[in-house]
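Novice: Take the sequence shown: its position 90, counted from the start at 1, is 90 in full-length UniProt numbering, and no numbers get skipped.
Beta carbons: idealized from backbone N, C-alpha and C, even for Gly.
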Amino acid sequence: MVEGMKRPSTTNNPRRPESKTPINLSRPLSAFCSVRSMQVSKILLGGQQPTFLELSPETWNTDSCLKCAKKRAGVLKVTNDLAERGLALIQRFLGNRTKDERQTQFLLKLARLHTKAVPKKTKAELKKKVLK
1 MVEGMKRPST TNNPRRPESK TPINLSRPLS AFCSVRSMQV SKILLGGQQP
51 TFLELSPETW NTDSCLKCAK KRAGVLKVTN DLAERGLALI QRFLGNRTKD
101 ERQTQFLLKL ARLHTKAVPK KTKAELKKKV LK
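1) Please classify F106 as buried or exposed, where buried requires at least 16 neighbouring CB atoms within 10 angstroms.
2) Looking at C-alpha atoms only, which residue of A69, L108, T59, R27 is the closest neighbour of M38?
3) Starting from V78, trace the alpha helix (DSSP H) both ways and give me its first and last residue.
4) Nearest-angstrom Cα distance between F32 and T122?
5) What does the Cβ neighbour count give for L29, buried or exposed, with the cut at 16 atoms within 10 Å?
6) Run through DSSP, which three-state label would C68 get?
7) In whole angstroms, give me the CA-to-CA distance for N96 and T104.
8) Rounded to whole angstroms, what's the CA-CA distance from E125 to V118? Just pull it up for me.
9) In whole angstroms, what is the alpha-carbon distance linking P50 and S64?
10) Evaluate L66 with the Cβ neighbour count: other Cβ atoms within 10 Å of its Cβ, from every protein chain shown; 16 or more gives buried, anything less gives exposed.
11) Between which two residues does the alpha helix (DSSP H) containing F106 stretch?
12) Looking at L55 and S41, is the spacing between their C-beta atoms short of 9 Å?
13) Could you tell me if L44 is buried or exposed, where buried requires 16 or more neighbouring beta carbons within 10 angstroms of its beta carbon?
14) Three-state secondary structure (DSSP) at R45?
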């Protein structure tokens with residue numbers, strides 16, 4: 001894995017993988033690491049080099065460098081922005097309009113059916129229709 005972290009990154013945008021081929025899980029772990037993996041380790045360590053990677057994994061629990069990284073990683077909040085935005089939109093839309101969960105579910109189902117029934121339009125197309 002350490003050797004893989006020294007290998008240069010092959011992707012331009014790691015958030016959007018371009019490869020259409022399935023991941024081969026029989027490949028060694030180092031094949032999934034690159035310089036970017038090392039950058040994440042450095043960020044978790046506050047800019048320090050992750051020296052624990054050079055040590056045997058049996059001694060990692062006693063390494064202060066790894067303990068620092070674990071502490072920093074433990075405080076990070078994991079969020080799903082898309083889900084949070086969707087939930088906020090629903091709450092903002094419904095507000096105080098519904099009294100119970102059944103009404104809420106009915107409105108959500110109605111909105112879903114309406115979304116399927118109406119053809120998708122881009123923002124530009126909708127503006128053209130409104131301005132005509």
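Specialist: Taking the definition as stated:
1) To locate residue 106, count along the sequence shown from 1; it is residue 106. Exposed, since its Cβ has fewer than 16 Cβ neighbours within 10 Å.
2) The residue labelled residue 38 in the question sits at position 38 within the sequence shown. Here the closest residue by C-alpha is A69.
3) As a working note, residue 78 is residue 78 in the sequence shown. Unbroken run through V78: none, as it is neither H nor E.
4) For this step, residue 32 is matched to residue 32 along the sequence shown. For this step, residue 122 is matched to residue 122 along the sequence shown. If you take the alpha carbons of F32 and T122, they lie about 38 Å apart.
5) Taking the sequence shown and counting its residues from 1, one reaches residue 29 at position 29. L29 comes out exposed.
6) Position 68 of the sequence shown holds residue 68. C68: helix per DSSP, three-state reduction.
7) For the purposes of this step, residue 96 is identified with residue 96 of the sequence shown, where counting begins at 1. For the purposes of this step, residue 104 is identified with residue 104 of the sequence shown, where counting begins at 1. Distance between the alpha carbons of N96 and T104: 10 Å.
8) To locate residue 125, count along the sequence shown from 1; it is residue 125. To locate residue 118, count along the sequence shown from 1; it is residue 118. About 14 Å.
9) Position 50 of the sequence shown holds residue 50. Position 64 of the sequence shown holds residue 64. P50 and S64: Cα-Cα distance of roughly 10 Å.
10) Counted from its first residue, the sequence shown places residue 66 at position 66. Answer is buried; the Cβ neighbour count reaches 16.
11) For the purposes of this step, residue 106 is taken as residue 106 along the sequence shown, with counting starting at 1. First-last of the alpha helix (DSSP H) with F106: 101–117.
12) In the sequence shown, counting from the first residue as 1, residue 41 sits at position 41. In the sequence shown, counting from the first residue as 1, residue 55 sits at position 55. No, these two residues do not count as a Cβ contact at 9 Å.
13) Residue numbering aside, residue 44 sits at position 44 when the sequence shown is read from its first letter. With 16 or more Cβ atoms within 10 Å of its Cβ, L44 is classed as buried.
14) Along the sequence shown, read from residue 1 onward, the residue named residue 45 stands at position 45. The residue asked about is misnamed: residue 45 is Leu in this sequence, not Arg. Here L45 sits in coil by DSSP.
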